[in-house]
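Asks:
Residue numbers (the numbering used here), protein chains in the order written: chain D, 1 to 233; chain H, 234 to 466.
(1) Flag residue 119 of chain D as yes if its beta-carbon sits less than 7 angstroms from any beta-carbon of chain H, otherwise no.
(2) Determine which residues of the segment 89-102 of chain D have a Cβ less than 8 angstroms from any Cβ of chain H, and write them out in chain order.
(3) Taking residue 255 of chain H as part of the beta strand (DSSP E), name the residues at either end of that continuous run.
(4) Taking the continuous alpha helix (DSSP H) assigned at residue 54 of chain D, which residues delimit it?
(5) Anyone know if the C-beta pair for residue 248 of chain H and residue 280 of chain H falls short of 7 angstroms?
(6) Any idea which residues DSSP pairs residue 148 of chain D with across the strands?
(7) On the three-pair Cβ rule with 8 angstroms, is the segment 64-73 of chain D touching the segment 123-131 of chain D?
(8) Output, in sequence order along the chain, the residues in the segment 197-219 of chain D whose CB is closer than 8 angstroms to any CB in chain H.
(9) Any idea if residue 74 of chain D is buried or exposed, counting beta-carbon neighbours within 10 angstroms, 16 or more meaning buried?
(10) What does residue 16 of chain D reach in chain H if we use C-beta pairs closer than 8 angstroms?
(11) Would the beta-carbon of residue 123 of chain D fall within 7 angstroms of that of residue 21 of chain D?
(12) Express the C-alpha separation of residue 212 of chain D and residue 198 of chain D in angstroms, rounding to a whole number.
(13) Answer with yes or no whether the minimum CB distance from residue 112 of chain D to chain H is below 7 angstroms.
(14) Evaluate residue 234 of chain H with the Cβ neighbour count: other Cβ atoms within 10 Å of its Cβ, from every protein chain shown; 16 or more gives buried, anything less gives exposed.
(15) DSSP state of residue 439 of chain H, grouped into three classes?
(16) Do residue 319 of chain H and residue 265 of chain H have their beta-carbon atoms positioned less than 7 angstroms apart in this structure?
(17) Since residue 455 of chain H is in the alpha helix (DSSP H), which residue starts that stretch and which ends it?
(18) Using a beta-carbon distance cut-off of less than 9 angstroms, what residues from the segment 175-199 of chain D approach chain H?
(19) Taking just the CA atoms, how far does residue 428 of chain H sit from residue 210 of chain D?
(20) Sort out for me which residues DSSP pairs residue 194 of chain D with in a bridge.
(21) Kindly list, in the order they appear in chain D, the residues whose Cβ is closer than 9 angstroms to that of residue 267 of chain H.
(22) For the 8 angstroms Cβ check, are there 3 or more pairs between the segment 162-174 of chain D and the segment 143-151 of chain D?
(23) Pop quiz: residue 34 of chain D and residue 60 of chain D are said to be a contact at Cβ under 8 angstroms. What is the actual Cβ separation, rounded to whole angstroms?
(24) Considering just the uninterrupted stretch of the beta strand (DSSP E) at residue 242 of chain H, what are its terminal residues?
(25) Taking C-beta to C-beta, are residue 219 of chain H and residue 141 of chain D nearer than 7 angstroms?
(26) For the beta strand (DSSP E) containing residue 94 of chain D, list its first residue and its last residue.
(27) Rank H:344, H:410, H:252, H:394 by C-alpha distance to the C-alpha of residue 447 of chain H and give the top, closest one.
(28) In chain order, which continuous runs of the alpha helix (DSSP H) of length 4 or greater are located wholly inside the segment 81-129 of chain D?
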């Protein structure tokens with residue numbers, strides 16, 4: 001009998017923001033697997049470190065970040081093959097995932113390769129969006145308001161339409177797009193409603209009004225924007 | 234010196250989906266406070282029950298669900314007054330919140346009343362949206378896709394525009410709006426992309442294709458819809 005594949009959300013970075021279930025499954029795991037950039041420490045493993053017991057087998061798989069898709073696809077093919085070996089040997093495999101596995105998470109690439117053949121269970125995690133609003137002390141969305149998540153690499157027109165339609169917006173993956181995104185927000189007269197955060201819940205966290213945000217921003221950065229259209233209090 | 238007010242996200246319902254931090258703060262709390270409907274058990278307290286130690290002071294505050302706002306506003310005024318008393322006495326107060334406190338959560342009403350006077354810390358939680366996608370085994374959103382949350386009470390035109398613009402959508406607060414929402418989705422030819430879930434992560438959970446969902450649906454129900462516009466795998 002094959003093992004079960006677990007995709008475990010670890011939350012935004014503070015290890016205490018992982019769920020009880022994630023902590024239990026990691027500490028019970030015979031095999032943990034996680035992605036990392038070539039030559040770099042795995043952020044997912046860093047979050048989970050305190051829960052990994054000695055003697056646990058670790059499968060680190062390097063995923064290159066390139067504009068072309070093929071190198072990453074090959075990396076996931078290779079990781080899926082290694083994980084298949086462990087599952088066929090009868091052990092469960094716990095894949096460590098930053099944030100929530102199915103919310104802009106790379107676990108979907110393993111899920112696509114393995115879910116037809118093996119039993120998969122996903123353990124949801126706290127998203128960086130929830131973490132950002134908590135750290136800002138900013139109620140994100142309420143009642144019958146509409147909320148949208150817009151990746152910063154979207155074109156200006158898509159960002160503008162998304163910002164226009166929703167009552168609250170999270171703009172993720174800001175990084176080098178900070179200046180362009182800020183100009184779009186300024187054009188809509190919404191700069192004063194926007195707050196910038198980098199490395200939410202980590203030691204180096206910074207929260208700033210959007211007008212003071214660094215350009216370019218680091219990779220782990222986000223903008224939250226709330227219009228407060230219906231401040232029923 | 235006054236105590237600290239904690240707004241603690243408990244996650245979607247399964248007690249094991251609360252964070253380590255939530256579990257620690259609840260078990261250390263001298264005072265826990267939570268909302269409930271008049272005469273009903275508090276769902277938030279039920280999730281947290283295993284973490285509340287004997288001897289903890291409990292402040293249950295009844296919040297009526299009425300179309301008018303005044304009764305609920307008065308209920309939050311009263312709750313804020315009681316919590317103020319406990320904080321001024323120097324103890325911390327832990328407010329138990331279903332899901333994530335700032336994501337369609339009622340904690341914002343206490344936050345609005347108390348955050349100028351007291352130190353407030355919000356502990357983010359796993360949202361029902363993340364829980365639903367995990368339980369469906371449905372990757373929700375990836376790469377540069379746009380994601381939106383639409384409350385079902387929105388008018389048809391707003392639902393249609395929101396469904397049209399985003400790559401993935403969560404429709405929350407479905408309940409008695411199920412039939413109308415389903416007609417809007419059908420009108421867009423998206424019924425086959427939509428999955429219905431009720432009571433995600435609880436014992437009575439049900440996952441169904443949207444076409445088989447009950448009408449009316451229970452209060453704790455949701456529809457996830459993904460277009461899979463860019464299935465890069």
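Think of the CB as a built atom: it goes at the ideal place given N, C-alpha and C, for glycine as much as any other residue.
Replies: For this structure:
(1) The residue labelled residue 119 of chain D in the question sits at position 119 within the first chain. No, its Cβ sits nowhere closer than 7 angstroms to a Cβ of chain H.
(2) For the segment 89-102 of chain D, which is checked against every Cβ of chain H, the residues closer than 8 angstroms are 100, 101, 102.
(3) Looking up residue 255 of chain H in the second chain gives position 22. Where residue 255 of chain H is concerned, there is no enclosing beta strand (DSSP E), although the alpha helix (DSSP H) it sits in stretches over 253-261.
(4) Numbered from 1 along the first chain, position 54 holds the residue referred to as residue 54 of chain D. Boundaries cannot be given for residue 54 of chain D, as no alpha helix (DSSP H) includes it and DSSP labels it neither H nor E.
(5) In the second chain, counting from the first residue as 1, residue 248 of chain H sits at position 15. In the second chain, counting from the first residue as 1, residue 280 of chain H sits at position 47. Contact: yes.
(6) Position 148 of the first chain holds residue 148 of chain D. Answer by DSSP bridge pairing, in chain order: D:169, H:381.
(7) With the rule of 3 Cβ pairs closer than 8 angstroms, the segment 64-73 of chain D does not count as touching the segment 123-131 of chain D.
(8) Cβ contacts with chain H: none found.
(9) As a working mapping, residue 74 of chain D is identified with position 74 in the first chain. With fewer than 16 Cβ atoms within 10 Å of its Cβ, residue 74 of chain D is classed as exposed.
(10) Here residue 16 of chain D refers to the residue found at position 16 of the first chain. Chain H residues near residue 16 of chain D: 252, 253, 254, 257.
(11) Sequence index remark: in the first chain, residue 123 of chain D carries index 123 (1-based). Sequence index remark: in the first chain, residue 21 of chain D carries index 21 (1-based). In contact: residue 123 of chain D and residue 21 of chain D (Cβ atoms closer than 7 angstroms).
(12) Your numbering for residue 198 of chain D matches position 198 in the first chain. Your numbering for residue 212 of chain D matches position 212 in the first chain. Each residue's Cα considered, the two are about 12 angstroms apart.
(13) Taking the first residue of the first chain as position 1, residue 112 of chain D is located at position 112. Chain H contact via Cβ: present.
(14) Position 1 of the second chain, counting from 1, holds the residue named residue 234 of chain H. Around the beta-carbon of residue 234 of chain H, fewer than 16 other beta-carbon atoms lie within 10 Å, marking it exposed.
(15) Sequence index remark: in the second chain, residue 439 of chain H carries index 206 (1-based). It is a strand residue.
(16) Numbered from 1 along the second chain, position 32 holds the residue referred to as residue 265 of chain H. Numbered from 1 along the second chain, position 86 holds the residue referred to as residue 319 of chain H. Not in contact: residue 265 of chain H and residue 319 of chain H (Cβ atoms no closer than 7 angstroms).
(17) Here residue 455 of chain H corresponds to residue number 222 of the second chain, with the count starting at 1. Counting along the chain, residue 455 of chain H falls outside any alpha helix (DSSP H), though it belongs to the beta strand (DSSP E) covering 454-459.
(18) Contacts with chain H (Cβ-Cβ distance below 9 angstroms) from the segment 175-199 of chain D involve no residue at all.
(19) Here the question's residue 210 of chain D lines up with position 210 in the first chain. Here the question's residue 428 of chain H lines up with position 195 in the second chain. Distance between residue 210 of chain D and residue 428 of chain H, taken at the CA atoms: about 37 angstroms.
(20) For this step, residue 194 of chain D is matched to residue 194 along the first chain. Partner(s): D:225.
(21) As a first step, residue 267 of chain H must be located in the second chain, where it is residue number 34. What residue 267 of chain H touches in chain D, judged by beta-carbon distance under 9 angstroms, is nothing: the nearest beta carbon there is about 18 angstroms away.
(22) Yes, since at least three Cβ pairs between the segment 162-174 of chain D and the segment 143-151 of chain D fall closer than 8 angstroms, the two stretches touch.
(23) Locating residue 34 of chain D in the first chain gives position 34, where the first residue counts as 1. Locating residue 60 of chain D in the first chain gives position 60, where the first residue counts as 1. At roughly 6 angstroms, the Cβ-Cβ gap stays under 8 angstroms, so residue 34 of chain D and residue 60 of chain D are in contact.
(24) Start at 1 with the first residue of the second chain, and residue 242 of chain H comes out as number 9. Counting along the chain, the beta strand (DSSP E) containing residue 242 of chain H begins and ends at 238-242.
(25) With chain H covering 234 to 466 only, the question about residue 219 of chain H has no answer from this structure.
(26) One-based indexing of the first chain puts residue 94 of chain D at position 94. Boundaries of the beta strand (DSSP E) around residue 94 of chain D: 93-97.
(27) As a working note, residue 447 of chain H is residue 214 in the second chain. The alpha carbon of residue 447 of chain H has as its nearest neighbour, out of H:344, H:410, H:252, H:394, the alpha carbon of H:410.
(28) The alpha helix (DSSP H) runs of length 4 or more contained entirely in the segment 81-129 of chain D are, from start to end of the chain, 107-114.
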